[in-house]
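Read top to bottom, the protein sequences are chains A and B.
For any residue, its number in my numbering is found by taking its place in the first sequence, counting from 1, and adding 42.
For any residue, its number in my numbering is found by taking its place in the second sequence, counting from 1, and adding 42.
Number of protein chains: 2
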Amino acid sequence: MSVKTQEPVITRVSDLPTSEARWVALKKVEYVDQVGTARTWEVAVRKTRSAKAGVDAVAMGNIILHPSRPPATLLVIQYRPPLDAYTIEWPAGLVDAGEAAEEAAVREFKEETGYDCSVTSVSPIQAADPGMTNANMQLVMVEVQLKEEDGEEPPLQRLEDGEHIQRVIVPMSEFYDRLVEYAKQDRTIVAAKLFHFAAGIHFAKTNRYGI
Amino acid sequence: MSVKTQEPVITRVSDLPTSEARWVALKKVEYVDQVGTARTWEVAVRKTRSAKAGVDAVAMGNIILHPSRPPATLLVIQYRPPLDAYTIEWPAGLVDAGEAAEEAAVREFKEETGYDCSVTSVSPIQAADPGMTNANMQLVMVEVQLKEEDGEEPPLQRLEDGEHIQRVIVPMSEFYDRLVEYAKQDRTIVAAKLFHFAAGIHFAKTNRYGI
Numbered sequence: 043m044s045v046k047t048q049e050p051v052i053t054r055v056s057d058l059p060t061s062e063a064r065w066v067a068l069k070k071v072e073y074v075d076q077v078g079t080a081r082t083w084e085v086a087v088r089k090t091r092s093a094k095a096g097v098d099a100v101a102m103g104n105i106i107l108h109p110s111r112p113p114a115t116l117l118v119i120q121y122r123p124p125l126d127a128y129t130i131e132w133p134a135g136l137v138d139a140g141e142a143a144e145e146a147a148v149r150e151f152k153e154e155t156g157y158d159c160s161v162t163s164v165s166p167i168q169a170a171d172p173g174m175t176n177a178n179m180q181l182v183m184v185e186v187q188l189k190e191e192d193g194e195e196p197p198l199q200r201l202e203d204g205e206h207i208q209r210v211i212v213p214m215s216e217f218y219d220r221l222v223e224y225a226k227q228d229r230t231i232v233a234a235k236l237f238h239f240a241a242g243i244h245f246a247k248t249n250r251y252g253i
Numbered sequence: 043m044s045v046k047t048q049e050p051v052i053t054r055v056s057d058l059p060t061s062e063a064r065w066v067a068l069k070k071v072e073y074v075d076q077v078g079t080a081r082t083w084e085v086a087v088r089k090t091r092s093a094k095a096g097v098d099a100v101a102m103g104n105i106i107l108h109p110s111r112p113p114a115t116l117l118v119i120q121y122r123p124p125l126d127a128y129t130i131e132w133p134a135g136l137v138d139a140g141e142a143a144e145e146a147a148v149r150e151f152k153e154e155t156g157y158d159c160s161v162t163s164v165s166p167i168q169a170a171d172p173g174m175t176n177a178n179m180q181l182v183m184v185e186v187q188l189k190e191e192d193g194e195e196p197p198l199q200r201l202e203d204g205e206h207i208q209r210v211i212v213p214m215s216e217f218y219d220r221l222v223e224y225a226k227q228d229r230t231i232v233a234a235k236l237f238h239f240a241a242g243i244h245f246a247k248t249n250r251y252g253i
């Protein structure tokens, strides 16, 4: 197991023909709009979506429960080449062919965090970034129930080759504030879906509209 | 002004070379990871980001206030070619060169909804879909203060050619439930950021963890 650690560095960025891409393709969509006008739209699509699953990815909104510690959530920090930055996200992963969202969530959560979890709810299918891509996902809420003797350090991960994922456990009472602090750090960016969920909680607790 | 309305239909989908794309490009990123291994990643990037702004887009989390009606939020429904579906989103738009997030938010909100708004907060920069793209955005919370005599119908929009955007006003008390209902409709998908914000509010109000 390699322990050498250094800051990731981008060495080259080049145009990629769709024919040579393995994961992502660029498509031109020609369509006729609501008033009968022929138009085009440029779309990035994942090549990996299973026709059976119909959904690209799951993200695991998670609550870590312990008898004597406050409810918390586990966030993952990893270098993301598309942004050349470290991102703060909930654990997430692509859904395998023939896999249900709940199954993918439990499998990916175990791989990325080391924890066994139980699913408490599964969201409808959501569009990741509707103006640019057909990528979609489901938010699966999960719960980890620890025992009194379980320590604060998460168990061993089972990462794939090339995955370097740091885990942090944040008390839910500090969730939103910690994301705002992370966003101020150098070379660090919070993922939009995670931030929006935390912002929703923050809004519910602080808004002056009586909502 | 054209009034003819029909269901949009996709007539052709074809591979798009990055050299011919105007809005989106496909790139191969070569990088050296944390343990010194050379790796590659496939990335979709927007060609339109202003170097000055450093952010692609803003979304407007909005609260519509009226003296005698409950606080509400305005959602936009539009056909999105990448998904071949109607999406439910908060109003959003690309940031122009030299424009601050607050300015883009007020301008785009007026164009898409017809309403003047005031900005109440601006989020940190967030990554739209970190595994696939460098696209980023800021959530700008805005407020619309209506007068007693203002009706329930929003004012005229100022849409660009080809934009067909339907507006619906949803009481905040029904926000989450209405999104879940929309997601069940045919050819309709809720945008992930919007859903996550509403799910955060829902979580804050209903969770059994005392959070």
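We put the CB at the ideal spot given by N, CA and C, even for glycine.
Review point. Alpha carbon to alpha carbon, how far is residue 214 (chain A) from residue 80 (chain B)?
Key: So the alpha carbons of these two residues sit roughly 37 Å apart.
Review point. Cα separation between residue 229 (chain A) and residue 207 (chain A)?
Key: So the two alpha carbons sit approximately 16 Å from each other.
Exercise for review: Please report how far the alpha carbon of residue 212 (chain B) lies from the alpha carbon of residue 246 (chain A), in whole angstroms.
Suggested key: Looking at the two C-alpha atoms, the distance is approximately 16 Å.
Review point. How would you label residue 165 (chain B), buried or exposed, when you count the other beta carbons within 10 angstroms and need 16 or more for buried?
Key: Buried, because 16 or more other Cβ atoms sit within 10 Å of the Cβ of residue 165 (chain B).
Review point. For residue 110 (chain A), which residues in chain B fall below 7 Å Cβ to Cβ?
Key: Under the 7 Å cutoff, chain B gives no residues; its nearest Cβ is about 14 Å from residue 110 (chain A).
Practice item. Run the CB neighbour count on residue 52 (chain A), radius 10 Å, all protein chains shown included, and call it buried at 16 or more, exposed below. Key: Answer is exposed; the Cβ neighbour count stays below 16.
Practice item. Identify whether residue 116 (chain A) lies in helix, strand or coil by the three-state DSSP scheme. Key: DSSP places residue 116 (chain A) in strand when its eight states are reduced to three.
Point to revise | Extent of the continuous beta strand (DSSP E) to which residue 80 (chain A) belongs | key: Note, residue 80 (chain A): beta strand (DSSP E), 80-88.
**Study point:** 8 Å Cβ cutoff, residue 245 (chain A) in contact with chain B
**Key:** True, the Cβ-Cβ gap to chain B drops below 8 Å.
Review point. Using a beta-carbon distance below 8 Å, is residue 96 (chain B) in contact with chain A?
Key: The Cβ of residue 96 (chain B) sits no closer than 8 Å to any Cβ of chain A.
Check your understanding: Between residue 70 (chain A) and residue 125 (chain B), is the Cβ-Cβ spacing less than 8 Å?
Key -> With contacts defined as CB atoms closer than 8 Å, residue 70 (chain A) and residue 125 (chain B) fail to qualify as a contacting pair.
**Study point:** Beta-carbon proximity of residue 107 (chain A) to residue 236 (chain A), cut-off 8 Å
**Key:** Taking 8 Å as the cut-off, the beta carbon of residue 107 (chain A) is found no closer than this to the beta carbon of residue 236 (chain A).
Exercise for review: Keeping to the same chain, check which residues put their C-beta closer than 7 Å to that of residue 109 (chain A); ignore five residues upstream and five downstream.
Suggested key: Excluding sequence positions up to five before and after residue 109 (chain A), its CB lies within less than 7 Å of the CB of 190, all in the same chain and listed in chain order.
Check your understanding: Taking Cβ positions, are residue 170 (chain A) and residue 179 (chain A) nearer each other than 8 Å?
Key -> A Cβ-Cβ contact shorter than 8 Å links residue 170 (chain A) with residue 179 (chain A).
Check your understanding: Quick one: is residue 207 (chain A) near chain B, going by C-beta distance under 8 Å?
Key -> For residue 207 (chain A), no Cβ of chain B is located within less than 8 Å of the residue's own Cβ.
Check your understanding: At a Cβ cut of 7 Å, what residues of the segment 204-235 of chain B count as close to chain A, listed as they run along the chain?
Key -> Here the close residues are 204, 206, 214, 222, 225, 231, 232, 233, 234 and 235.
Check your understanding: Should residue 91 (chain B) be flagged as near chain A, meaning a C-beta pair shorter than 8 Å?
Key -> With 8 Å as the cut-off, residue 91 (chain B) does not count as an interface residue toward chain A.
Check your understanding: Counting only beta-carbon atoms, is residue 176 (chain B) nearer than 8 Å to chain A?
Key -> At least one chain A Cβ lies under 8 Å of residue 176 (chain B).
Point to revise | Identity of the residue in B:196, B:226 and B:54 nearest residue 118 (chain B) by Cα | key: By alpha-carbon distance to residue 118 (chain B), the top candidate from B:196, B:226 and B:54 is B:196.
Exercise for review: Using a Cβ cut-off of 7 Å, pull out every chain A residue sitting near residue 151 (chain B), in sequence order please.
Suggested key: The contacting residues do not exist; residue 151 (chain B) stays about 16 Å from chain A at best.
Point to revise | Residue interval of the beta strand (DSSP E) (run including residue 251 (chain B)) | key: Per DSSP, residue 251 (chain B) lies in no beta strand (DSSP E) and is assigned neither H nor E.
Review point. Which residues of chain A have a Cβ atom closer than 7 Å to the Cβ of residue 138 (chain B), listed in chain order?
Key: Within 7 Å Cβ-Cβ: nothing; residue 138 (chain B) doesn't reach chain A, min ~16 Å.
Check your understanding: Under 8 Å between C-beta atoms, does residue 142 (chain A) make it to chain B?
Key -> Output row for residue 142 (chain A): interface = no.
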